[in-house]
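Only one structure is covered here, and it is reproduced in the block below.
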Amino acid sequence: MSGDSKSKPLESTSITPKDQKPAIATKVMDAIQSSLIKTTVEGIPLLSMDNYTLWRQRVINFLDVVKLKDDLISEKRVLSADHNVYLKAVLVAKLESSVQANVIDSVNEDNAKLIWSSIVKFFASTQASNKSRVFQSFLRAPYTPNNILGFITSMKTFQTQLIEVGWTFSDDALGHMVLHKFPADMNDIVNQITHSNKEPSINVVFEHL
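Per the working numbering, the very first residue in the sequence shown carries number 23; after that it's consecutive.
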């Protein structure tokens with residue numbers, strides 16, 4: 023062989039560290055995504071008769087993470103069979119038994135989109151029957167002197183629910199309805215609120231408790 027004839031170096035077929043970076047990065051991102059999904063699912067409370075707003079916010083957050091919000095909510099989108107099974111399992115697992123009895127039946131029990139629509143209709147519909155149910159529940163809710171914090175939380179929840187089902191009470195109207203729940207021995211506080219320079223909104227009422 024001539025002196026200037028050089029053999030070409032063999033091309034390595036082994037995976038170099040540089041080649042490994044994309045695979046490692048993918049595994050890390052998959053682990054992060056899996057952890058995030060687990061956290062968001064665990065953060066969804068059981069849906070009860072009085073926490074729909076919070077529950078819906080947490081579910082929407084979860085749907086954003088798994089990129090299935092439009093597929094579930096939009097009537098024009100279709101869920102794949104696998105996604106239907108996945109979302110159905112999550113939705114049903116996050117319902118209290120009393121709520122499940124009202125929103126799931128033999129027609130929708132295997133369809134995540136129908137289950138979602140049934141939940142939204144039950145809690146957020148502006149139908150007269152649902153409006154009446156929420157309003158009557160608000161009127162019947164008593165003042166609880168031994169649990170003022172719980173009373174405040176309950177009234178704020180009702181305020182949100184009333185808006186969701188279509189009631190448009192002004193802030194001072196709601197405040198007056200809350201004042202009517204107070205017993206006679208709280209008349210001095212009621213007078214302080216109603217004779218102040220502020221509109222007796224719910225928040226103003228709560229400031230005096």
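By construction, the Cβ of each residue, glycine as well, lies at the ideal position given by its N, Cα and C atoms.
Using the three-state DSSP reduction, which class does leucine 101 fall into: helix, strand or coil?
In this structure, leucine 101 counts as coil in the three-state DSSP scheme.
From Ile215, Leu90 and Ile141, pick the residue whose C-alpha is nearest to that of valine 125; which is it?
Looking at the Cα atoms, Ile141 is the closest of the given residues.
Per DSSP, what kind of secondary structure is methionine 23 in: helix, strand or coil?
Confidence is the limiting factor: at methionine 23 the pLDDT is only 47, short of 50, which leaves the residue's position unreliable and the question unanswerable from this model.
In the DSSP assignment, the alpha helix (DSSP H) including alanine 195 goes from what residue to what residue?
Residues 193-201.
Can you tell which of Leu68, Lys110, Ala111 and Thr166 has its C-alpha closest to the C-alpha of serine 119?
The shortest Cα separation from serine 119 among Leu68, Lys110, Ala111 and Thr166 belongs to Leu68.
What are the start and end residues of the alpha helix (DSSP H) that includes glycine 188?
Run containing glycine 188: none; DSSP gives neither H nor E here.
With DSSP as the reference, please indicate the residues paired to leucine 69 in a beta bridge.
Beta-bridge pairing links leucine 69 to Leu117.
Can you say whether arginine 162 is buried or exposed, counting buried as having 16 or more other CB atoms within 10 angstroms of its CB?
Counting Cβ neighbours within 10 Å, arginine 162 comes out exposed, since fewer than 16 surround it.
Run the CB neighbour count on histidine 217, radius 10 Å, all protein chains shown included, and call it buried at 16 or more, exposed below.
Exposed is the call here.
Does the beta-carbon distance from leucine 101 to leucine 109 come in below 8 angstroms?
Contact: yes.
Can you say whether serine 223 is buried or exposed, counting buried as having 16 or more other CB atoms within 10 angstroms of its CB?
Its Cβ being crowded by 16 or more others within 10 Å, serine 223 is buried.
Quick one, which of Asn213, Val81, Asp207 and Leu201 has its alpha-carbon nearest asparagine 225's?
The option with the nearest alpha carbon to asparagine 225 is Leu201.
From tryptophan 189 to serine 151, what distance separates their C-alpha atoms?
One C-alpha to the other measures close to 13 angstroms.
To the nearest angstrom, how far is the alpha carbon of glycine 172 from that of phenylalanine 228?
Approximately 12 angstroms, taken between the alpha carbons.
Can you give me the C-alpha to C-alpha distance between serine 34 and arginine 99, rounded to a whole angstrom?
Because serine 34 sits at a pLDDT of 42, beneath the cut-off of 50, its placement in the model cannot be relied upon, and the following sentence gives the value as read from the coordinates. Going from the Cα of serine 34 to the Cα of arginine 99 covers about 48 angstroms.
Report the three-state DSSP secondary structure of proline 224 (helix, strand or coil).
According to the sequence shown, residue 224 is isoleucine rather than proline. Isoleucine 224: helix per DSSP, three-state reduction.
For serine 147, does the three-state DSSP call read helix, strand or coil?
Reduced to three states, the DSSP call for serine 147 is coil.
How big is the Cα-Cα spacing for threonine 182 and threonine 75?
Going by the C-alpha atoms only, they are around 8 angstroms apart.
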